[in-house]
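Participant: If you're matching them up, the sequences are chains X and L in order.
Quick note, the first sequence lines up with residues 1 to 332 if you use this note's numbering.
Quick note, the second sequence lines up with residues 333 to 664 if you use this note's numbering.
First the structure, which I've put down as structure tokens, then a few questions once you've had a look.
Number of protein chains: 2
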Amino acid sequence: MRTIKDIAKLADVSRTTVSRVLNDSGYVSEKSRKKVLDVIEETGYVPSQHAKSLRTKETKIIGVILPKISTDTSSRTVDGMNEVFGEKGYQILLTSTNLDKVKEIEHLRLLQNRQVDGIVLLATNTDEDLIREIQDSKVPVVVIGQEVPHDSGIPSVVFDDYGAAVKLMEALIGSGRRKIGYVGVEAADQAVGVLRKRAYLDVMERHGLESGAPSVQTGDFSIESGYEAASRMFSDGTGDIDAIFAATDRMGIGVWKYLREAGISVPGQVAVVGIGSSETSRFIEPAMTTVEYEFEAAGRAGAEILLSILNGFDNGPDKKILDFKLISRDSL
Amino acid sequence: MRTIKDIAKLADVSRTTVSRVLNDSGYVSEKSRKKVLDVIEETGYVPSQHAKSLRTKETKIIGVILPKISTDTSSRTVDGMNEVFGEKGYQILLTSTNLDKVKEIEHLRLLQNRQVDGIVLLATNTDEDLIREIQDSKVPVVVIGQEVPHDSGIPSVVFDDYGAAVKLMEALIGSGRRKIGYVGVEAADQAVGVLRKRAYLDVMERHGLESGAPSVQTGDFSIESGYEAASRMFSDGTGDIDAIFAATDRMGIGVWKYLREAGISVPGQVAVVGIGSSETSRFIEPAMTTVEYEFEAAGRAGAEILLSILNGFDNGPDKKILDFKLISRDSL
DNA sequence: ACTATATATGGAATCGATTCCCTATTTTAT
DNA sequence: ATAAAATAGGGAATCGATTCCATATATAGT
């Protein structure tokens with residue numbers, strides 16, 4: 001492995017001069033610059049990032065913490081981040097918690113040890129411990145996907161979950177549905193578990209509709225859990241439902257599957273809507289009405305916020321709320 | 333930021349001793365060890381990875397080059413890799429070429445500059461330039477997804493694309509289909525573009541069946557391109573086709589969509605099969621017959637090969653061929 | 001012609017760890 | 001009791017860059 005010292009010797013200049021050429025800093029004559037550049041070209045020399053980082057305290061690496069890599073949400077968000085980070089010469093160090101809440105904090109620490117320049121966290125919860133850990137972080141952290149307490153000082157990017165859910169509910173009610181069931185997820189997840197459900201309950205109440213126990217079910221994001229949630233709705237209270245609002249597309253697909261198998265016509269007897277605009281939701285029949293979130297945009301926004309912090313433009317804790325788009329299809 | 337020097341001073345020992353405690357090396361008395369550990373606990377000290385890597389030449393980081401992050405194939409493979417790398421304390425530095433072939437080489441270089449310990453490349457081609465660049469690499473590289481020349485000395489993990497395609501074709505023919513069309517991708521992609529097509533052509537020939545021009549089409553992996561390929565098949569030669577083998581599920585879904593819209597019954601008039609076992613393929617109607625590749629396993633296998641090389645067990649260039657599973661559903 | 005100032009370059013300290021080598025003290029073996 | 005081996009711990013070199021400071025020369029300003 002060649003070092004700057006070797007290059008200096010070969011080019012017959014000092015290490016200082018080589019470093020100057022490398023970084024376009026200070027004064028270097030054309031002659032010296034050429035000599036150095038030639039030697040670099042010949043030798044295929046590449047400076048050591050570690051030595052560099054050791055001095056400059058910059059790594060050009062951003063740590064990203066995901067709940068799981070292979071989900072539509074995660075990978076599209078990372079794609080978006082990568083776009084803007086890549087442009088600025090940053091690379092992404094990926095870690096996955098595999099849905100283990102404890103690991104979120106663990107990885108937060110691990111990444112700081114790696115001395116990344118910043119961290120993006122695709123959060124699944126907003127527990128106090130987590131918030132505290134973020135606040136204690138030595139490097140800037142941006143949270144994507146979860147509402148953080150407004151006084152926490154933590155920048156974040158979220159989708160308008162409440163608004164999206166309201167819009168979907170209004171659409172359901174606008175089409176004459178009254179006995180609407182809900183399939184959600186546990187409350188630890190603010191964005192998906194709490195906000196969307198609250199929208200459902202609020203709209204139901206506003207219209208004086210009842211949202212009793214059997215018509216409100218909880219799943220775990222999987223298609224299967226949607227299927228089972230639907231089956232519970234119909235085995236219990238039974239039949240007295242004319243629409244189901246699933247908090248995510250995947251659970252919605254589970255619901256749809258159950259309905260199909262149970263011989264319940266969609267949307268004739270029961271309408272189904274979801275959130276997420278997954279590929280599958282487009283191709284089932286009837287195609288599912290859903291809400292489109294542009295995850296790539298969320299990734300980009302998160303990256304941009306982090307970058308602006310890194311560049312010292314720390315104009316207060318940004319909170320960016322991303323818009324959504326209602327995709328009306330045939331399941332409603 | 334605290335350094336080992338601060339800790340040494342606070343614990344009233346030398347940096348050497350602190351380092352020994354940190355790395356469990358050399359002789360350290362229980363007393364000293366406790367003092368050091370206590371100070372570390374109190375201060376929340378974390379050693380600098382850069383300083384460490386500078387000396388040890390180890391980063392515990394693996395570079396991963398993907399064609400695109402947000403695809404099922406990529407993200408599942410990364411998930412698998414992450415599983416085994418994570419266990420061994422390695423982290424993943426992600427880069428995406430966004431399907432730009434030139435960038436594959438560029439990123440290969442970039443990652444070496446980052447002095448990653450190893451590189452995993454999800455390849456989309458096997459051009460000479462790329463192979464040469466890999467061979468010149470200072471750090472070990474494992475290729476996933478593409479057959480590399482057997483004499484290149486490059487370890488790789490591939491799926492049995494030819495075998496899978498043959499099996500699918502035999503199933504088609506076994507069900508009585510004779511006029512089988514093919515929707516593939518360009519030949520730069522060995523695995524998908526060449527191998528699967530060759531299997532198609534071989535099987536057709538073996539059975540004395542004709543595979544003329546209009547019934548062999550090329551797409552670009554997208555659903556839309558599958559749709560268009562199908563439409564070309566039927567506008568040209570027209571009608572004289574009783575099955576379509578799509579090289580990927582997504583293109584297969586495009587084909588299915590076209591058939592549906594054109595009022596051609598599936599599988600009554602035309603059967604459709606794909607490769608990949610995507611989620612959507614399961615839920616369309618009729619559900620699509622396809623081949624399941626376990627991408628997570630490919631990721632794991634790639635990671636294991638790389639790890640064994642890093643540990644000095646360099647038992648020749650491994651080439652691992654992964655099995656597949658035929659998923660028979662209703663589209664055939 | 002004589003200061004200023006701009007240009008060019010190198011020496012040496014520095015970043016924060018690891019590790020070789022040396023010395024001192026204990027423990028064990030004979 | 002004495003030599004050998006094990007245990008404990010520190011000094012200082014080292015990894016490969018950046019950067020402060022000093023010095024030397026060229027150019028410009030008056």
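We put the beta carbon where it would ideally sit given N, CA and C, even for glycine.
Keep in mind the model is a prediction, meaning the values are calculated, not measured.
1) If the cut-off is 7 Å on Cβ atoms, which residues from the segment 260–279 of chain X count as contacting chain L, listed in chain order?
2) Under the three-state reduction of DSSP, which class applies to GLN115/X: helix, strand or coil?
3) Buried or exposed for PHE324/X, going by 16 or more other Cβ atoms inside 10 Å?
4) Between the C-alpha atoms of ASN311/X and ALA262/X, what's the straight-line distance to the nearest angstrom?
5) Would you mind sorting LEU664/L into buried or exposed? The rule is 16 or more other CB atoms within 10 Å of its CB.
6) In chain order, what residues of the same chain lie with their CB nearer than 8 Å to the CB of TYR559/L, ignoring the 5 residues before and after it?
7) So, does the CB of ASN445/L fall closer than 8 Å to a CB anywhere in chain X?
8) Among the residues of its own chain, which have a CB less than 7 Å from the CB of HIS107/X, if the five just before and after it don't count?
9) Measure the beta-carbon distance from LEU504/L to ALA603/L and round it to whole angstroms, keeping in mind my assumption that it falls under 8 Å.
10) Which chain X residues are close to LEU426/L, counting only those with a beta carbon under 7 Å from its beta carbon?
11) Does DSSP classify LEU504/L as helix, strand or coil?
12) If SER32/X sits next to THR17/X, beta carbons under 8 Å apart, how far is it from one beta carbon to the other, in whole angstroms?
13) Check whether the segment 537–546 of chain L touches the segment 596–610 of chain L, taking contact to mean three or more Cβ pairs, one atom from each stretch, closer than 8 Å.
14) In whole angstroms, what separates the C-alpha of LYS156/X from that of ILE144/X?
15) Does the beta carbon of ASP79/X come closer than 8 Å to any beta carbon on chain L?
16) Please state the DSSP three-state secondary structure of VAL141/X.
17) Which residues in the same chain have their Cβ closer than 7 Å to the Cβ of LEU533/L, if we skip the five residues on either side of it in sequence?
18) Starting from LYS320/X, follow its DSSP beta bridges and name the residues at the other end.
19) Which of the three DSSP states, helix, strand or coil, is assigned to TYR258/X?
20) Jot down the residue ranges of each uninterrupted beta strand (DSSP E) in the segment 220–249 of chain X, minimum 3 residues, whole runs only, in chain order.
21) Whole angstroms is fine: what's the gap from LEU195/X's alpha carbon to THR290/X's?
22) Contact criterion: CB-CB distance below 8 Å. Does GLN135/X meet it with respect to chain L?
23) If you follow the alpha helix (DSSP H) that ILE7/X is in, where does it begin and where does it stop?
24) Determine the DSSP secondary structure at THR456/L, reduced to helix, strand or coil.
25) Can you name, in chain order, every residue of its own chain whose Cβ lies under 7 Å from the Cβ of SER152/X, other than the five neighbours on each side?
26) Taking only runs of the alpha helix (DSSP H) that begin and end inside the segment 368–418 of chain L, which ones reach a length of at least 4 residues, in chain order?
27) So, using beta-carbon positions, are ILE180/X and ALA229/X closer together than 8 Å?
28) Once you ignore the five residues that flank LYS103/X on each side, which residues in its own chain have a CB closer than 7 Å to its CB?
29) So for GLN467/L, helix, strand or coil by DSSP?
30) Once you ignore the five residues that flank ARG592/L on each side, which residues in its own chain have a CB closer than 8 Å to its CB?
31) Within 10 angstroms of the Cβ of ALA455/L, are there 16 or more other Cβ atoms? Answer buried if so, exposed if not.
32) Give every residue of the same chain whose Cβ lies closer than 6 Å to the Cβ of TYR514/L, excluding the five residues on either side of it in the sequence, and list them in chain order.
33) Take ILE555/L and list the residues in its own chain whose beta-carbon comes closer than 8 Å to its own, dropping the five residues that flank it on each side.
34) I'd like to know if LEU54/X contacts chain L, where contact means its C-beta is closer than 8 Å to some C-beta of that chain.
35) Does the beta carbon of ARG408/L sit closer than 8 Å to a beta carbon anywhere in chain X?
36) Going by beta carbon distance, what residues of the same chain come within less than 8 Å of ILE573/L, once the five residues before and after it are set aside?
Facilitator: So, to answer that:
1) GLU279
2) coil
3) buried
4) 57 Å
5) buried
6) GLY586, VAL587, LYS589, TYR590
7) yes
8) ILE65, THR95, THR97
9) 6 Å
10) ILE92, LEU94
11) helix
12) 6 Å
13) no
14) For the sequence presented, residue 156/X should be read as Ser rather than Lys. Rounded to whole angstroms, SER156/X to ILE144/X spans 6 Å at the Cα level.
15) yes
16) strand
17) SER543
18) VAL157/X
19) helix
20) 243–246
21) 16 Å
22) no
23) 4–11
24) coil
25) ILE131, GLN135
26) 381–388
27) no
28) THR97
29) helix
30) VAL598
31) buried
32) TYR532, VAL548, PHE577
33) ARG582, MET583, ILE585, GLY586, LYS589
34) yes
35) yes
36) LYS511, ILE512, GLY513, SER547, MET565, PHE566, VAL602
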